[in-house]
Amino acid sequence: MFDEDKLRLRIGVIEENLVRLETIRSYSFEDFQADFLKVEATKHLLQVAIEAMVDICAHITARLRIRPPENGAALVKALGKVGLLPGDHVKKYVQMIKFRNLLVHLYADVDDRRVYDILQNHLGDFHLFIADTWAIVQKYTPTAQD
18 MFDEDKLRLR IGVIEENLVR LETIRSYSFE DFQADFLKVE ATKHLLQVAI EAMVDICAHI
78 TARLRIRPPE NGAALVKALG KVGLLPGDHV KKYVQMIKFR NLLVHLYADV DDRRVYDILQ
138 NHLGDFHLFI ADTWAIVQKY TPTAQD
């Protein structure tokens, strides 16, 4: 049903970016903000990881023939609406996608403190998303008994 190689590739991107983000996470806010490379790398790594999340959601909704939503947040909401993602997870993922949109479209308005807060307090949301993804795959993968 799902192209697990495609999912693994995108999850691998998320995991690789998380490893890189963890190396930046150890800096104080002052050291983080003083080094534009740390700030810009963090923004980019978050943006790409969130893009991978959206790609995964698009793949799942396409394979399950869920009406194709018009944007990333709608993809996540569609998966929640059919019961594949818990409501509290949907809210987190929608916020992540909104942040990605801010990075892409309103980049001049992105506050370094907000980026640092995400770096310090919200990387676990990516791990939650990965677990949710594999739970969806498992739900639709036939077992040997089927």
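No gaps in the numbering here: position 81 of the sequence shown is 98 in the numbering used here, and each next residue is one more. We put the beta carbon where it would ideally sit given N, CA and C, even for glycine.
Distance cut-off 7 Å: residue i Cβ against heavy atoms of the ligand MN
i, result
"VAL71", "Ligands are entirely absent from the displayed structure, and the ligand MN is therefore not among its contents."
Given residue i as reference, the closest of the options once Cα atoms are compared
i, options, result
"ASP20", "ASP134, LEU81, ASP126, VAL36", "LEU81"
"TYR124", "GLU39, ILE28, GLN64", "GLN64"
"LEU26", "PRO103, LYS108, GLY104, THR150", "THR150"
Beta-carbon proximity list for residue i, same chain, < 8 Å, skipping 5 on both sides
i, result
"PRO86", "THR78, LEU92, LYS94, ALA95"
Pair within 8 Å by beta-carbon distance, residue i and residue j
i, j, result
"LEU136", "ILE67", "no"
"LEU24", "VAL154", "yes"
"LEU102", "LEU38", "no"
"LYS60", "TYR44", "no"
"VAL121", "ALA90", "no"
Specify whether the stretch 23 to 41 and the stretch 142 to 162 touch according to this definition: at least 3 beta carbon pairs, one from each stretch, less than 8 Å apart. Counting Cβ pairs under 8 Å, three or more are found: they touch.
Contact between the stretch 43 to 63 and the stretch 127 to 140: three or more CB pairs below 8 Å? yes
Taking contact to mean at least 3 C-beta pairs separated by less than 8 Å, is the stretch 66 to 75 in contact with the stretch 104 to 122? yes
Quick one: complete beta strand (DSSP E) runs, 3+ long, within the stretch 24 to 80? none
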